[in-house]
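Residue numbers (full-length UniProt numbering): 1 to 459. Heads up, the thing below is written out as structure tokens.
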């Protein structure tokens, strides 16, 4: 008889001999279908996997379960359902979608955030999904072919604080006025009509952030109701139709952040709107983004000098932004962020004038300003170092960030000795990253900009 047998030591080592920490590490290195197979071996492994899910399975993407069988999907929801707080997208086929909804309804009581996009969802399917969701606070539905019947189910979500609807042309706004706890609402390319929007404005008294883009059925009646009833709005993202005036938005008492998409707006009306905003919100507005390829000219820009506390200014895609126009920005002593993406008239000299005139400017988005050259980098370094020496030893360790993808500034600049010295000393940092999937993506609005990496400073 061997020594091990005599001592009662097993010659067949088992995974169950490992402690829970080792088992958690094993689960961490397995694919989902292998995790589920391992978890079904015995009650202890199931318990360990359930604990693993509490730490690592907070968010479920539809792609995560694409390769699972129906039996495995059910097993996953039974074990991990209570840990899930975020759902992103749904399966595409009716059969898979029905099974998904059944399992979420049965096993996922703690869902707080949902984002479903590019999938047709039936109203009865949505009603079943929402039936037991007592903690849902954020709902984002994008091109799901929904109608007002689906919104009736949404209106019963009493805990909802954020609602985003994109590309839902059959939604008129009926029932949405019942969502009295909403703090953020986004309506993009929806069929919202005046009567229901006015009802929303009257009931959503706590609304703080509103995105209203390309809802073509709305008229100036809706704009008037917005300024009259939505007194707590701090952030407004709105597209302007050339058929109506939008002066009433200047009357929003708490407005701090404003984004205007005015691709089709008349130049005279746009300039008057900027003047009205300067009169009413000159001391209050901190963020102003304008998307208007044709409208920004000298007369319109003159109002910008009156926004004394502006910290962020964006004017992407404008044909007319040049050094003369930017002269009006030099009075903005609190400006920290500026975005001039696709402003093809911007030159090296215009950027240098900005840096010289705005002492707090730290983030500059110059992507696709194709007149900019390597000379801008060298002159920027000289300018910033000169300004630093004038501060008599008071040092700012945060470098100026300049996004230059799509310009004539070559990526070889990253290895330039003068630039590397400036980067090391905390003077200037260049970013050649382009987070946009397509060249002209998100030109006129920012409600869905991928704010990742360095882009987070601008959106």
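For each residue, glycine too, the CB sits at the ideal point set by N, CA and C.
Along the chain, where does the alpha helix (DSSP H) that runs through residue i open and close?
i: residue 150; result: 148-154
i: residue 378; result: 374-390
i: residue 25; result: 20-28
i: residue 53; result: 43-56
i: residue 68; result: Segment: none, residue 68 is in no alpha helix (DSSP H) and carries neither H nor E.
i: residue 323; result: 323-326
Residue i and residue j look like a contact to me (Cβ under 8 Å); what is the Cβ gap, rounded to whole Å?
i: residue 336; j: residue 312; result: 7 Å
i: residue 350; j: residue 326; result: 5 Å
i: residue 165; j: residue 188; result: 7 Å
i: residue 216; j: residue 244; result: No, residue 216 and residue 244 are not in contact; Cβ-Cβ is about 11 Å, not under 8 Å.
i: residue 40; j: residue 75; result: 7 Å
i: residue 33; j: residue 96; result: In fact, because the Cβ distance is near 16 Å, the residues do not count as touching under 8 Å.
i: residue 227; j: residue 261; result: Actually they are not in contact, since the Cβ atoms of residue 227 and residue 261 sit about 18 Å apart, beyond 8 Å.
i: residue 367; j: residue 434; result: 7 Å
i: residue 152; j: residue 116; result: Wrong, their Cβ atoms sit about 17 Å apart, outside the cutoff.
i: residue 316; j: residue 339; result: 6 Å
i: residue 431; j: residue 413; result: Not confirmed; about 11 Å, so no contact.
i: residue 192; j: residue 173; result: 4 Å
Three-state secondary structure (DSSP) at residue i?
i: residue 77; result: helix
i: residue 301; result: helix
i: residue 234; result: coil
i: residue 313; result: strand
i: residue 287; result: strand
i: residue 413; result: helix
i: residue 318; result: coil
i: residue 344; result: coil
i: residue 339; result: strand
i: residue 367; result: coil
i: residue 275; result: helix
i: residue 245; result: coil
i: residue 253; result: coil
i: residue 258; result: strand
i: residue 14; result: coil
i: residue 239; result: strand
i: residue 331; result: coil
i: residue 281; result: helix
i: residue 357; result: helix
i: residue 407; result: coil
i: residue 269; result: helix
i: residue 362; result: coil
i: residue 445; result: Any answer about residue 445 is weak, because its pLDDT of 48 lies below 50 and its placement is not dependable; what the coordinates show is given next. Note: residue 445 maps to coil in three-state DSSP.
i: residue 308; result: coil
Tell me which same chain residues have a C-beta within less than 8 Å of the C-beta of residue i, skipping the five on either side of it?
i: residue 136; result: 111, 112, 113, 114, 130, 157, 159, 160
i: residue 408; result: 370, 371, 372, 373, 374
i: residue 206; result: 180, 181, 182, 183, 232
i: residue 427; result: 381, 384, 385, 388, 399, 400
i: residue 69; result: none
Give every residue of the same chain whose Cβ lies closer than 7 Å to the Cβ of residue i, excluding the five residues on either side of it in the sequence, and list them in chain order.
i: residue 132; result: 105, 109
i: residue 281; result: 250, 255
i: residue 307; result: 278, 282, 285, 288, 332
i: residue 119; result: 89, 90, 92, 144
i: residue 79; result: 39, 46, 49, 50, 53
i: residue 214; result: 188, 189, 239
i: residue 410; result: 374
Would residue i count as contacting chain C if we go by Cβ distances under 9 Å?
i: residue 184; result: The displayed structure is made up of one protein chain only, and chain C is not part of it.
Check whether the Cβ of residue i sits closer than 8 Å to any heavy atom of the ligand ATP, and report yes or no.
i: residue 139; result: As presented, the structure is devoid of all ligands, the ligand ATP included, so that no description of it is given.
Check for me: the beta strand (DSSP E) holding residue i runs from which residue to which?
i: residue 227; result: Not the beta strand (DSSP E): residue 227 falls in the alpha helix (DSSP H), residues 220-229.
i: residue 428; result: 428-431
i: residue 59; result: 59-61
i: residue 455; result: Element bounds for residue 455: n/a, residue is neither H nor E.
i: residue 401; result: 400-403
i: residue 36; result: Note, residue 36: premise wrong, no beta strand (DSSP E); alpha helix (DSSP H) at 32-39.
Just to confirm my understanding: we take residue i, look at its own chain, exclude 5 residues before and 5 after, and list those with CB closer than 6 Å. What are they?
i: residue 363; result: 337, 401, 457
i: residue 471; result: Outside the shown range of the chain (1 to 459) lies residue 471, about which nothing can therefore be said.
i: residue 357; result: 330
i: residue 277; result: 250
i: residue 222; result: 194, 197
i: residue 257; result: 235, 287
i: residue 328; result: 301, 302, 304, 305
i: residue 248; result: 223, 224, 227
i: residue 212; result: 187, 238
i: residue 292; result: 262
Length-filtered (3 minimum) beta strand (DSSP E) runs lying within the segment 132-218: 138-142, 162-166, 184-188, 209-213
In chain order, each alpha helix (DSSP H) run of at least 4 residues that lies wholly inside the segment 82-130: 94-107, 123-130
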